[in-house]
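Protein chains in written order, with my numbering: chain A, 14 to 266; chain B, 14 to 266; chain C, 14 to 266; chain D, 14 to 266; chain E, 14 to 266; chain F, 14 to 266. Beta carbons are placed, not taken as given, at the ideal position from N, Cα and C, and that holds for glycine. What you are looking at is a predicted structure, and each value in this text was computed from that prediction instead of being measured.
Number of protein chains: 6
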Amino acid sequence: MDLSRIGWVEAKERLLQAGVALLPVGSTEQHGPHLPLGTDWMTAEAIARRASERGGWLVLPTVPVGASEHHRQFWGTLWVPPDVLRDYVIGIARAVASHGLSRVVFVNGHGGNTGALEAAARALRRDGIFAYVYVWWRAIPEVIAEVVEGGGSHAGEMETSVVLAIAPELVRRERYQEAAAGAAPEWGKRVHGVEVGYDTRDFSATGAVGDPTPATAAKGERLLAAAAEELDAFCRWLSAQPEDALRPPPHLP
Amino acid sequence: MDLSRIGWVEAKERLLQAGVALLPVGSTEQHGPHLPLGTDWMTAEAIARRASERGGWLVLPTVPVGASEHHRQFWGTLWVPPDVLRDYVIGIARAVASHGLSRVVFVNGHGGNTGALEAAARALRRDGIFAYVYVWWRAIPEVIAEVVEGGGSHAGEMETSVVLAIAPELVRRERYQEAAAGAAPEWGKRVHGVEVGYDTRDFSATGAVGDPTPATAAKGERLLAAAAEELDAFCRWLSAQPEDALRPPPHLP
Amino acid sequence: MDLSRIGWVEAKERLLQAGVALLPVGSTEQHGPHLPLGTDWMTAEAIARRASERGGWLVLPTVPVGASEHHRQFWGTLWVPPDVLRDYVIGIARAVASHGLSRVVFVNGHGGNTGALEAAARALRRDGIFAYVYVWWRAIPEVIAEVVEGGGSHAGEMETSVVLAIAPELVRRERYQEAAAGAAPEWGKRVHGVEVGYDTRDFSATGAVGDPTPATAAKGERLLAAAAEELDAFCRWLSAQPEDALRPPPHLP
Amino acid sequence: MDLSRIGWVEAKERLLQAGVALLPVGSTEQHGPHLPLGTDWMTAEAIARRASERGGWLVLPTVPVGASEHHRQFWGTLWVPPDVLRDYVIGIARAVASHGLSRVVFVNGHGGNTGALEAAARALRRDGIFAYVYVWWRAIPEVIAEVVEGGGSHAGEMETSVVLAIAPELVRRERYQEAAAGAAPEWGKRVHGVEVGYDTRDFSATGAVGDPTPATAAKGERLLAAAAEELDAFCRWLSAQPEDALRPPPHLP
Amino acid sequence: MDLSRIGWVEAKERLLQAGVALLPVGSTEQHGPHLPLGTDWMTAEAIARRASERGGWLVLPTVPVGASEHHRQFWGTLWVPPDVLRDYVIGIARAVASHGLSRVVFVNGHGGNTGALEAAARALRRDGIFAYVYVWWRAIPEVIAEVVEGGGSHAGEMETSVVLAIAPELVRRERYQEAAAGAAPEWGKRVHGVEVGYDTRDFSATGAVGDPTPATAAKGERLLAAAAEELDAFCRWLSAQPEDALRPPPHLP
Amino acid sequence: MDLSRIGWVEAKERLLQAGVALLPVGSTEQHGPHLPLGTDWMTAEAIARRASERGGWLVLPTVPVGASEHHRQFWGTLWVPPDVLRDYVIGIARAVASHGLSRVVFVNGHGGNTGALEAAARALRRDGIFAYVYVWWRAIPEVIAEVVEGGGSHAGEMETSVVLAIAPELVRRERYQEAAAGAAPEWGKRVHGVEVGYDTRDFSATGAVGDPTPATAAKGERLLAAAAEELDAFCRWLSAQPEDALRPPPHLP
């Protein structure tokens with residue numbers, strides 16, 4: 014149930030009954046030569062909608078640009094400073110809470126957003142608004158381990174499978190080889206245990222991390238289903254908590 | 014041509030050739046009992062896409078939540094502070110310019126956003142990024158005067174017609190009467206020439222301004238076509254300007 | 014009754030009885046070759062004082078520099094960023110309210126200040142301080158239509174008449190012709206409905222908009238009297254409102 | 014020569030020739046029961062104008078409200094946060110410098126402003142704008158020692174004399190006794206060398222520090238003349254410096 | 014070589030020759046009932062000094078309070094907001110760079126600081142200052158796996174061993190059992206893959222994570238030596254890089 | 014009693030009993046060629062600890078870098094902007110107060126910090142946290158007058174004596190002559206009563222103010238003892254005050 018698609022009369026009913034609001038937060042950033050720039054926001058939106066179909070959670074409009082400055086050397090990457098992303102989602106969450114629905118899940122499709130979203134959640138909790146950050150690939154490690162044969166955290170087999178499931182017409186299969194040729198084996202570049210790869214281009218020539226070749230739409234469907242199921246389960250838990258269980262614990266006596 | 018739907022290889026080509034980028038900026042806010050909360054962002058997006066179909070301008074992902082605090086008493090309205098909206102679109106425009114495309118039009122679907130967008134444009138111009146605010150209903154006064162029989166600036170005949178053209182399934186025609194009964198005849202509430210209506214609810218019981226009853230999809234199509242045509246014409250003008258003509262004039266000698 | 018000219022003993026009495034405080038806010042900016050840079054703050058101050066003479070409203074000290082960056086290419090224009098102006102008047106209004114007088118009118122002499130003043134008023138209302146923006150020329154459209162023969166919103170017949178009434182010794186009549194020669198016929202520069210004139214110098218060679226030649230002190234007196242009368246009427250209305258009528262309306266049930 | 018009173022044609026000439034701009038910065042705050050709230054801005058303005066009469070320095074419009082929160086318990090005191098005052102004068106100084114006059118003296122009439130003004134000056138110097146803080150009573154200690162019989166730094170003999178010279182009609186001589194009865198002997202309240210008097214009311218019942226009774230207009234004239242003379246002398250020095258002498262010294266080799 | 018302990022004459026020599034500056038950043042926060050609140054800053058300082066002994070790197074004064082709000086329910090925990098920590102270390106790094114030493118390692122003793130330090134490093138890199146975040150336990154996973162028998166990331170065997178090596182007099186061995194009894198087995202509290210433990214007290218009754226009992230000073234020495242060695246190795250790598258290798262890569266052609 | 018050296022169990026007891034917390038705030042900045050850069054934070058720490066030994070006040074970890082930008086031309090000087098220092102100590106003081114100890118003394122070792130610390134104290138007082146700025150040399154003028162033969166406020170006889178008492182191994186006596194040769198006789202550089210010496214290097218070639226030659230450890234001990242005694246006396250006073258006596262006085266009736 015998308016908030017954008019209903020009027021205020023229906024919104025009243027949904028806000029009072031939904032229990033949890035889902036805010037998809039993604040990015041518009043390079044995903045190798047073969048995946049669309051909107052991969053992350055499309056994925057976040059797809060997972061949120063599928064979870065909503067299961068549990069009736071209220072889906073807020075998707076935040077399409079996030080903290081992606083580290084991809085900026087690649088054509089088309091958009092970004093805002095992390096503090097601006099934080100303040101943007103804080104604004105939205107406060108607004109939702111003003112209508113009586115104070116439990117929000119940031120359905121996050123981009124790893125680079127996580128710090129800003131956690132900072133937002135922490136700030137909101139001080140005001141009695143209970144926001145949580147759902148990073149989909151962190152929630153389903155077993156399924157990923159089972160489904161994904163190769164690896165690669167960015168524009169690799171996992172993300173390519175997901176886009177094949179969501180919007181296959183946007184995947185350029187003819188560029189898999191090019192993507193893989195310049196891909197990094199894993200995220201980042203460490204020297205004596207220190208991360209020195211501040212920008213993706215520090216360690217990946219094509220922007221990809223991992224080989225997309227083994228990706229299939231069926232794998233993507235499996236991942237999306239698992240992610241949506243887990244998100245739905247979390248929302249059930251969240252909506253069932255008494256408010257006191259969500260509040261920060263008191264100071265030690 | 015949506016930036017979100019292409020990869021960085023195509024993005025390079027588009028960024029270097031498009032001449033102008035369009036950033037749809039809307040809101041998620043009450044639009045009377047009969048129109049969806051996403052009316053403004055859907056409209057901005059629709060106009061940007063139609064203009065892009067005409068002139069090939071690059072369409073950036075839609076900013077769905079804006080400066081709508083004055084609608085906050087109505088269920089479902091979302092908002093961010095104007096400064097946050099300003100900073101969010103500044104971030105996006107700077108990112109686009111970093112890829113060599115420094116002419117951006119904010120395609121604005123919500124009047125309350127205008128001040129923040131103008132402030133963004135002014136700040137960007139200082140750094141050689143040329144952003145302009147396209148407020149669609151300001152660009153086509155003659156067509157509006159011709160098409161719209163009644164009046165009303167918010168959720169009235171004009172906006173209802175547009176949504177009937179874009180997404181008729183989201184319009185609740187059975188609520189027109191309810192909307193009109195509580196509607197304000199015009200925007201705001203002035204006392205001795207001073208605007209004292211800070212919130213929509215100060216002057217409208219249902220959130221609407223004007224009667225939606227005369228709305229038709231055909232009128233909406235006419236408005237959208239005119240708005241897209243005018244936006245396309247503006248983009249042609251903008252892309253044809255030499256950069257010096259866009260820069261601030263120098264100090265008087 | 015100027016607050017600056019009384020001590021705290023008298024101030025107590027005035028603060029508790031005045032009902033409304035007036036804060037003149039102007040600018041120091043070019044007004045064509047013939048009018049003084051202080052035109053806007055002098056006008057705002059004059060109107061506030063005349064209204065105070067009628068109704069006994071408390072006049073706060075004049076804020077002399079505002080949001081005039083768009084005039085910066087002309088010699089002598091001063092400005093502060095809009096956010097700074099907003100915070101400056103917020104500070105003053107909060108201080109007045111701390112003494113028990115929580116109804117304030119920003120008597121605005123410069124159109125460029127309006128957005129910042131409205132933002133201030135909106136922020137103050139959240140804290141139970143009721144500020145309103147009085148833009149004098151918006152309050153008396155009929156009188157202006159009747160008195161002003163030509164037109165021009167900046168340094169034209171209207172403003173020149175006002176300065177002739179307030180401080181005729183500061184008007185350089187011998188420069189009327191020069192002003193008119195380079196004046197714009199109206200404010201701004203629109204291309205396909207988009208405002209592209211970010212700076213006054215984008216559309217006016219001398220900084221004036223309209224021809225000052227038909228200006229007379231008598232017209233100026235008429236305008237000032239009307240503006241003061243309307244402001245006084247607004248203050249009467251404001252001081253008569255119960256506080257609940259000024260508060261934001263509650264959320265819809 | 015007041016900038017407010019001339020048009021941009023004259024302003025050009027003055028900006029290019031004046032050498033130094035003077036920005037009077039005062040406050041609107043309690044000055045005991047006998048002096049007007051505007052004492053500080055009136056004094057700063059008077060000294061700036063007198064110095065300008067001597068040396069032709071360009072006088073900018075007076076900033077009437079400053080950092081006076083510590084007087085807030087007394088009726089009528091206005092204030093803005095120190096950071097806002099700092100940003101306000103930074104804006105004005107940058108504007109003046111944009112017209113080619115980059116030497117500015119903040120003529121300060123209120124001790125509480127000094128920190129904010131120094132912070133502004135320091136920030137401006139980083140950008141090649143040379144601002145200095147002239148605190149009038151610090152510049153003429155010998156004259157003060159000679160003229161002032163009693164003492165008291167706030168609303169005492171010294172300030173009362175000055176207002177008697179500037180605006181005798183605003184001095185309530187019949188309240189001298191009341192002022193003196195509740196006055197503090199000196200500013201602040203120290204305990205074991207620590208200042209614990211955060212607010213004036215922590216140590217003064219009437220807001221005055223020192224006894225105003227020995228004040229005379231003649232003493233005030235003497236003080237004003239000396240302060241203006243010293244300010245003029247400083248401006249001569251400042252305008253005579255080569256720019257390199259004003260820049261921060263380079264890092265040690 | 015501590016910068017604090019030398020004068021500016023020696024500092025010149027060290028700044029020009031050291032190649033890398035080390036800024037220990039820690040926290041003052043609860044570390045179970047048995048470890049001192051200063052554990053993290055003492056550890057960071059100890060590692061920095063030991064690395065400096067090996068390679069002569071310049072040690073800056075220790076930042077003792079960091080982003081520890083999540084420990085606030087435990088007596089004595091101090092913290093500053095993450096943005097303030099970020100700005101504080103940015104200031105210090107800029108200052109060091111102003112003296113010609115533009116390579117800085119934040120030697121981080123507290124996991125909660127990492128996001129703020131990375132944000133600082135990213136901001137500094139934009140200005141040609143090359144800062145890196147050394148999180149000591151991330152740099153020596155093999156040694157930790159070898160040395161630490163049990164586990165626990167906070168006030169467990171690992172940290173207790175380190176404090177036993179640095180300052181054994183501050184360890185309250187008689188409280189090990191109490192610490193272990195209320196300790197969490199691992200950091201955080203996840204529900205369906207979502208971190209819901211915003212505060213340490215959400216998942217640990219005593220503030221500890223893991224059992225300190227197996228800790229020994231010898232283990233601590235081993236950990237410190239390894240961490241210092243790895244940090245020294247990183248500094249050698251860093252100081253040997255040509256500046257171009259540290260700059261962000263250029264935009265894709 | 015250093016907070017850093019105890020665990021949370023002891024901290025509870027100390028926080029509830031100490032009555033006052035001491036936060037040493039210093040700087041890392043040039044102190045002539047003969048004194049260490051850490052002079053100010055070492056001094057502040059030493060005084061706080063000695064006072065704590067007398068009265069049992071709780072000593073917080075030392076803030077080692079402050080507002081020292083004006084020393085930046087000298088090798089090794091570190092600094093943060095004053096606003097960042099202010100926010101850093103505000104954070105710490107709020108944290109202490111969250112544990113029930115809301116009386117804090119900033120034990121300040123660097124004159125340049127004073128404005129920022131006072132601003133912090135003022136902000137904290139609004140929230141019922143009572144912070145005071147102890148500037149040690151201001152608290153013991155008689156002892157200084159008695160002990161110090163020459164003069165000089167920075168790296169002169171007084172400060173050199175103190176470091177001789179605290180850390181004699183860090184004093185380079187062989188550089189006294191060099192220090193004195195380039196020293197300024199007193200702080201700053203005034204022209205017609207205006208401070209024009211924004212940077213120390215504007216008036217001192219070696220960074221010193223005054224001649225260190227007459228310094229002795231015995232003098233230093235005397236100064237430290239007096240400063241600690243006075244601080245202890247202040248803390249006794251502070252801890253004995255009823256909370257109402259510390260709150261801001263109410264508005265005048």
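Once DSSP output is grouped into helix, strand and coil, what is the label at Leu137 of chain F? Here residue 137 of chain F refers to the residue found at position 124 when the sixth sequence is read from its first residue. DSSP places Leu137 of chain F in helix when its eight states are reduced to three.
Helix, strand or coil: how does DSSP classify Arg116 of chain A here? The count along the first sequence starts at 1 and reaches residue 116 of chain A at position 103. Annotated three-state conformation of Arg116 of chain A is strand, per DSSP.
Closest Cα partner of Glu208 of chain C within the set B:Glu187, B:Asp140, B:Leu244 and B:Gly195: Locating residue 208 of chain C in the third sequence gives position 195, counting from the first residue. For Glu208 of chain C, the nearest C-alpha among the options comes from B:Leu244.
Can you find at least 3 beta carbon pairs, one from the segment 81 to 93 of chain F and one from the segment 145 to 157 of chain F, that sit closer than 8 Å? no
Can the beta-carbon of Phe119 of chain B be found less than 7 Å from the beta-carbon of Val38 of chain B? Stepping through the second sequence from its first residue, residue 119 of chain B is reached at position 106. Stepping through the second sequence from its first residue, residue 38 of chain B is reached at position 25. Yes.
Just the C-alpha distance for Arg63 of chain D and Ser81 of chain D, rounded to the nearest angstrom, thanks. Here residue 63 of chain D is taken as the residue at index 50 of the fourth sequence, counted from 1. Here residue 81 of chain D is taken as the residue at index 68 of the fourth sequence, counted from 1. If I take the Cα positions, the gap works out to 25 Å.
Closest Cβ-Cβ distance between Phe247 of chain F and chain D: below 7 Å? The residue labelled residue 247 of chain F in the question sits at position 234 within the sixth sequence. Cβ-Cβ to chain D under 7 Å: yes for Phe247 of chain F.
Residue ranges of each beta strand (DSSP E) run of no fewer than 3 residues wholly in the segment 56 to 130 of chain A, ordered along the chain? 116 to 121
Along chain F, in chain order, which residues have C-beta atoms closer than 7 Å to that of Phe87 of chain D? Residue mapping note: residue 87 of chain D aligns to position 74 of the fourth sequence, counting from 1. The answer, in chain order, is Leu265.
7 Å is my cut-off, CB to CB: does His167 of chain B come that close to chain C? In the second sequence, residue 167 of chain B corresponds to position 154, counting from 1. So no, His167 of chain B is outside the interface.
C-alpha distance - Leu28 of chain D paired with Gly113 of chain D, whole-angstrom precision: Walking along the fourth sequence from the start, residue 28 of chain D turns up at place 15. Walking along the fourth sequence from the start, residue 113 of chain D turns up at place 100. Their backbone Cα atoms lie some 7 Å apart in a straight line.
Look up Asp215 of chain F in the DSSP assignment and say whether it is helix, strand or coil. Here residue 215 of chain F refers to the residue found at position 202 when the sixth sequence is read from its first residue. Three-state result, Asp215 of chain F: helix.
Quick check on Glu234 of chain C: does DSSP put it in helix, strand or coil? The residue labelled residue 234 of chain C in the question sits at position 221 within the third sequence. DSSP places Glu234 of chain C in helix when its eight states are reduced to three.
Give, in chain order, every residue of the segment 97 to 124 of chain A whose Cβ lies closer than 7 Å to some Cβ of chain E. none
Under three-state DSSP, which class holds Glu208 of chain E? If you number the fifth sequence from 1, residue 208 of chain E lands on position 195. Glu208 of chain E: strand per DSSP, three-state reduction.
Could you tell me whether any Cβ in chain E is nearer than 7 Å to the Cβ of Asp224 of chain A? Indexing the first sequence from 1 puts residue 224 of chain A at position 211. No, because no Cβ of chain E sits closer than 7 Å to the Cβ of Asp224 of chain A.
CA-CA distance, Val176 of chain F and Leu36 of chain F? Translated into positions along the sixth sequence, residue 176 of chain F becomes position 163. Translated into positions along the sixth sequence, residue 36 of chain F becomes position 23. Near 20 Å, if we compare the C-alpha coordinates of Leu36 of chain F and Val176 of chain F.
Taking Cβ-Cβ distances below 8 Å as the criterion, which residues of the segment 170 to 183 of chain A are in contact with chain E? Contact residues of the segment 170 to 183 of chain A toward chain E are absent (C-beta to C-beta distance below 8 Å).
What residue does the alpha helix (DSSP H) around Ala158 of chain C start on, and which one ends it? Here the question's residue 158 of chain C lines up with position 145 in the third sequence. Annotation: the continuous alpha helix (DSSP H) that includes Ala158 of chain C extends over Pro154 to Val160.
So with Cβ pairs under 7 Å, would you call Arg214 of chain E a contact of chain A? To locate residue 214 of chain E, count along the fifth sequence from 1; it is residue 201. By this cut-off, Arg214 of chain E is an interface position.
In whole angstroms, what separates the C-alpha of Gly122 of chain C from that of Val148 of chain C? Translated into positions along the third sequence, residue 122 of chain C becomes position 109. Translated into positions along the third sequence, residue 148 of chain C becomes position 135. Spanning the two alpha carbons is a distance of roughly 7 Å.
Nearest by alpha-carbon distance to Ile179 of chain B: which of B:Trp54, B:His84 and B:Arg18 is it? Translated into positions along the second sequence, residue 179 of chain B becomes position 166. Comparing alpha-carbon positions, the option among B:Trp54, B:His84 and B:Arg18 lying closest to Ile179 of chain B turns out to be B:Trp54.
Less than 7 Å between the beta carbons of His44 of chain F and Ala168 of chain F, yes or no? Against the sixth sequence, residue 44 of chain F aligns to sequence position 31. Against the sixth sequence, residue 168 of chain F aligns to sequence position 155. A contact, by the Cβ cut-off of 7 Å.
Determine whether the Cβ of Pro95 of chain D lies closer than 7 Å to any Cβ atom of chain C. As a first step, residue 95 of chain D is located in the fourth sequence; it is residue number 82 there, counting from the start. With 7 Å as the cut-off, Pro95 of chain D does not count as an interface residue toward chain C.
Compare the beta carbon distance of Ala31 of chain E and Leu71 of chain E with 7 Å and say whether it is the shorter of the two. Here residue 31 of chain E refers to the residue found at position 18 when the fifth sequence is read from its first residue. Here residue 71 of chain E refers to the residue found at position 58 when the fifth sequence is read from its first residue. Against a cut-off of 7 Å, the Cβ pair of Leu71 of chain E and Ala31 of chain E comes out as a contact.
Quick one: is Gln43 of chain F near chain E, going by C-beta distance under 7 Å? As a working mapping, residue 43 of chain F is identified with position 30 in the sixth sequence. Using beta-carbon distances, Gln43 of chain F counts as an interface residue toward chain E, with a partner under 7 Å.
The beta strand (DSSP E) enclosing Val38 of chain B, as first and last residue numbers: Within the second sequence, residue 38 of chain B is the residue found at index 25, counting from 1. From DSSP, the beta strand (DSSP E) with Val38 of chain B extends over Ala34 to Val38.
Integer-rounded CB distance, given that Arg135 of chain C should sit under 8 Å from Tyr211 of chain B: The count along the second sequence starts at 1 and reaches residue 211 of chain B at position 198. The count along the third sequence starts at 1 and reaches residue 135 of chain C at position 122. With a Cβ gap of about 6 Å, Tyr211 of chain B and Arg135 of chain C count as contacting.
Partner residues on chain B for Glu159 of chain C, Cβ-Cβ distance less than 9 Å: The residue given as residue 159 of chain C occupies position 146 in the third sequence. Neighbours of Glu159 of chain C on chain B: none; closest Cβ ~15 Å, over 9 Å.
In three-state terms, what does DSSP make of Leu50 of chain B? Position 37 of the second sequence, counted from the first residue, corresponds to residue 50 of chain B. Three-state DSSP puts Leu50 of chain B in coil, outside helix and strand.
What span of residues does the alpha helix (DSSP H) with Ala192 of chain A cover, start to end? Translated into positions along the first sequence, residue 192 of chain A becomes position 179. Start and end: Tyr189 to Gly195.
Whole-number beta carbon distance between Trp21 of chain A and Trp200 of chain B, since they are thought to touch under 8 Å: Taking the second sequence and counting its residues from 1, one reaches residue 200 of chain B at position 187. Taking the first sequence and counting its residues from 1, one reaches residue 21 of chain A at position 8. Contact flag wrong, Cβ pair sits at about 18 Å.
Are any of the Cβ atoms in chain C nearer than 7 Å to that of Val33 of chain B? Numbered from 1 along the second sequence, position 20 holds the residue referred to as residue 33 of chain B. No - not a single Cβ of chain C is within 7 Å of the one on Val33 of chain B.
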